[in-house]
Amino acid sequence: MNLKENLLKVLSGENVDVTPVISVTQIGTVEAMEKTNAYWPEAHTDPEKMATLGSSLYELAGLECARIPFCLTVEAEAMGCKVDLGTQEKTPLVMESPFESAGDIEIPSDFLEKGRIPAVLEAVKILKEKYGDNLPVIVGITGPFTLTGHLLGVEKLVRYMRLRPGDVELAVDKALEVSIEYANALSEVGPDIICVADPTSATELINPLQFKTLVKPRLEDLSAEIDTKSVLHICGSAGPILKDMASAGYDGLSLEEKVDIKMAKEELNGGGKIMRVGGRTMSMGGAGKAPKLIGNISSSQTLFRSSPDEVKEKVNSALEAGVDILAPSCGLAPRSPLENIKAMIQGRNEYYGI
Amino acid sequence: MSYVEELESQLDQNFIAIRYNVEMEGPAIKPESDPDVQNILPKEEPYKSIATGVLYGDMEATLNGVKEGLEEDLSPIDIINNGLMKGMDAVSALYTKGFYFLPDLMLSGDSMMEGVKECEKVLGHKSETKATTVSFVAEGDPHDIGKNLVVMFLRANGYDAIDLGRDVPTEEVINAVEEYKPIFVTGTALMTTTMTVFPKVVEELEKKGLKVPALGCGGGSVRKDFVESFPMSVYGVEAYHTPKLADSILKDKKTWKELRKEYSEIVGEFVPEYA
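Residue numbers (my numbering), protein chains in the order written: chain A, 1 to 354; chain B, 1 to 275.
Pasting the structure below:
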């Protein structure tokens, strides 16, 4: 089976015999670092090590993709934020932003040469060269709203949503510009999938109506700029924003275990909501062609703490529920055992009798 | 008969266009018209306008109400308990129902805390505290919105809530427990990568022979099963549950085991995680 073709077929809406098992979110684990000798924090900056760790779960466990980078701070760092790269078990964190308000935000003209952006671009090239046409290469980028949170501070951003909505619009537009520029640069080196992760726009943080009016339009603009296949990842209880996520133009949606895949499928495949207006019915838009659902094996519970047998059980029920692509629900915890990643693939194989 | 009523009877309702968002969201209901909120909000002034100010997250209105009350020589404690807190209770109610979201919670919290400060100015000292609690964000985790809410709710409910900040090394937590002897410790984490700190904290506490009635753990990726896999802990679902848990420890001498068992009763609402 050609892993890349298989995955891209699913995302294009074609039928495949076997559901792919990938991860669109962070995949660096301590066990893999030890086995491949590509450790954090060096793997965040060194393209060779980034590529090695990014493909480690394919080499060691049979996961059907390579995925880089391992954090959501690349763009923020290139924008001038101070980032602590962390340790072997600690993901990089934004410590400080140079920007006080939306008006201060300026995109450096040589933004694409700053921070770790060149390293990510280089790592994509290395992976493409090494795995060529067989293994899909996935690159994660920060969604515009999450990047705004990095630039202004999440707490400030959430308060400004009600106090100074105009400022938020301005800041999110700047962040969108950054995301688009970065996505374009990535498209040139040609990963197979770009995954936009926008966890700050989860319903746990903002109102679904704010998502619809403020975040979604930017996500739509961004998806229009992505030439490769695209995936949108938003954490948490995405139920109330599912339809808006689905109609933002992405080929796949990556969802957490808080979302019931079966219900989500039913909701999306039913197409847009029909409304009665003036005695006539009209479609309220929503998902025309429903994006593929990716997920949602709990990374904090199942993959991190459960036994391989429990992982297989969860894989089985996710496949039963009709998930299109199997994946961890969110970034892997660095201490997740390799056994459990293997169990994901084994579980899938057993389901299909391979 | 009013003009509208007269007209309505003549119209074929099938041919009336309802703007799509109105149809989707239903008629706009003001927060204060919600039946639960009406039960919570005080009826008499100036408590009513103070509580309503908090409900709307309107700092100016809240402060005006508080100042008015203080000028009328109302007791600052009464203003806190019957005005500010009632407003916040109403906010929690709307949050539980899914009408309010985090931004609303934060702005209402800001307004309430400013009101409390104003009252404390008149008191001349901090209002008397029930007991000490300690709150921290797990080491390696910079996400402190949840912790800030927990601290805000604890302080608003009369606890001396020690705020250790974010990305707090385990050692610092242990030292704080030793120093302050809190009745309740809360730890929060957003990331899967950082929640592993909680069992370590418990382990270190046990090593040193220190005991707290309960360590409340919560936050983004934290799950109940995980929290209940080690002793001394209780999984906290919502930030506003914290003072209720603390109250039950203080008044009813509840242990972490009992908190786990009686969570829904203690916080006084249906909690799906504990069903």
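Each residue gets a CB set at the ideal place from its N, CA and C atoms; glycine is no exception. Since this is a predicted model, take the numbers as computed values, not measurements.
| Asked | Found |
| --- | --- |
| Any C-beta of chain A under 8 Å from that of P103(B) | yes |
| Element boundaries [alpha helix (DSSP H), containing N349(A)] | L338 to Y352 |
| Pair within 8 Å by beta-carbon distance, I361(A) and E225(A) | Nothing can be reported for residue 361(A), as the shown portion of chain A is limited to 1 through 354. |
| Where M161(A) meets chain B, residues with beta-carbon distance less than 7 Å | P103 |
| C-alpha distance - E8(B) paired with V24(A), whole-angstrom precision | 55 Å |
| CB contact check: T91(A) to chain B, cutoff 8 Å | yes |
| Whole-angstrom C-beta distance between C195(A) and N254(A), which should lie under 8 Å | Asn is not the amino acid found at residue 254(A); the sequence shown has Ser there. Indeed, because the Cβ distance is near 7 Å, the residues count as touching under 8 Å. |
| Neighbour list for L107(B) in chain A, Cβ cutoff strictly below 8 Å | R159, R162 and L163 |
| Closer than 7 Å at the beta carbon, the chain B residues around D220(A) | As written in the sequence, residue 220(A) is Glu, which differs from the Asp given in the question. Those do not exist, as E220(A) stays about 19 Å from chain B at its closest Cβ, beyond 7 Å. |
| Residue closest to R159(A), alpha-carbon to alpha-carbon, out of G109(B), G268(B) and R155(B) | G109(B) |
| Complete beta strand (DSSP E) runs within the region 124 to 174 of chain A (minimum length 3 residues, chain order) | 137 to 142 |
| Cβ neighbours of V154(A) in the same chain (closer than 7 Å, five flanking residues each side left out) | T200 |
| Contact check, A61(A) vs I294(A), beta carbons under 8 Å | no |
| First and last residue of the uninterrupted alpha helix (DSSP H) at P308(A) | P308 to A321 |
| Alpha-carbon to alpha-carbon, T186(B) and G146(B) | 10 Å |
| Beta carbon proximity, S299(A) to chain B, threshold 8 Å | yes |
| Neighbour list for I206(A) in chain B, Cβ cutoff strictly below 8 Å | F101, L102 and P103 |
| Extent of the continuous beta strand (DSSP E) to which I206(A) belongs | Premise fails: I206(A) is in no beta strand (DSSP E) and is neither H nor E. |
| Within-8 Å CB hit, V154(A) to chain B | yes |
| Rounded straight-line distance, which links the Cα of I241(A) to that of L209(A) | 8 Å |
| Span of the alpha helix (DSSP H) around T170(B) | T170 to Y180 |
| Three or more C-beta pairs below 8 Å linking the region 11 to 30 of chain A and the region 327 to 341 of chain A | yes |
| Interface positions of the region 52 to 83 of chain A facing chain B (Cβ-Cβ less than 7 Å), listed along the chain | none |
| Under the three-state DSSP convention, the category G279(A) falls into | Note that G279(A) scores 49 on pLDDT, short of 50, meaning its location in the model is unreliable and no value can be drawn from it. |
| Cut-off 6 Å between Cβ atoms - residues of its own chain near Y279(B), not counting five sequence neighbours on either side | Here chain B has residues from 1 to 275 only, and residue 279(B) is not among them. |
| Residue burial classification, H44(A) (beta-carbon count within 10 angstroms, cutoff 16) | buried |
| Reference K181(B), options L205(B), D167(B) and T188(B), closest by Cα | L205(B) |
| Same chain, Cβ closer than 6 Å to A38(A), neighbours up to 5 away in sequence not counted | K49, T52 and L53 |
| Per-residue burial, Q26(A) [other beta carbons within 10 Å of its own, 16 or more giving buried] | buried |
| Residue environment, V4(B), which counts as buried when at least 16 other CB atoms sit within 10 Å | exposed |
| Under 8 Å from the C-beta of D78(B): neighbouring residues of chain A | Simply none; closest approach about 29 Å. |
| Rounded Cβ spacing between K244(B) and I266(B) (contact assumed at less than 8 Å) | 6 Å |
| Cβ of P142(B) within 8 Å of any chain A Cβ | yes |
| F111(A) at chain B interface by Cβ criterion, 8 Å | no |
| Inter-residue Cα distance where the pair is P142(B) and K224(B) | 22 Å |
| Rounded separation between G243(A) and E267(A) - CA only | This sequence places Lys at residue 243(A); Gly is not what is there. So the alpha carbons of these two residues sit roughly 8 Å apart. |
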